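Inspection log for the structure reproduced underneath, given as structure tokens.
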């Protein structure tokens, strides 16, 4: 489940997993590898959607999957903001 804290970490490293991993390899992980990968995929899918390069079905499926994996509506909205921050 994606939380604000996990999204903030992803944002801090701008989606760069190696940077996160290297600086946190000896400490307890807040975000799992699977969650990081899922967030990376959402960033790509949301970018395509925002630029009008995705079909309506693809966009709807992406939003549905994202909402299912977010703790609440605030987390969902924060993911959308972070996508714009990371992808410009």
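In our numbering, the protein residues as written are 508 to 595. Glycine included, C-beta positions come from ideal geometry on N, C-alpha and C. Remember, it's a predicted structure, so these values are computed and weren't measured experimentally.
ask   = Going along the chain, which residues of its own chain have a beta-carbon closer than 7 angstroms to the beta-carbon of residue 578, five neighbours each way excluded?
value = If we look at residue 578 and ignore the five residues flanking it on each side, its Cβ neighbours are 508, 509, 510.
task = Locate the alpha helix (DSSP H) running through residue 531, then write down its first and last residues.
result = 524–531
key: For residue 555, the residue or residues it bridges with in DSSP   = BP columns for residue 555 are empty, so no partner.
message = According to DSSP, is residue 509 part of a helix, a strand, or is it coil?
response = strand
task = Under the assumption that residue 517 contacts residue 582 (Cβ atoms under 8 angstroms), give the Cβ distance between them as a whole number of angstroms.
result = Residue 517 to residue 582, Cβ: 12 angstroms. No contact.
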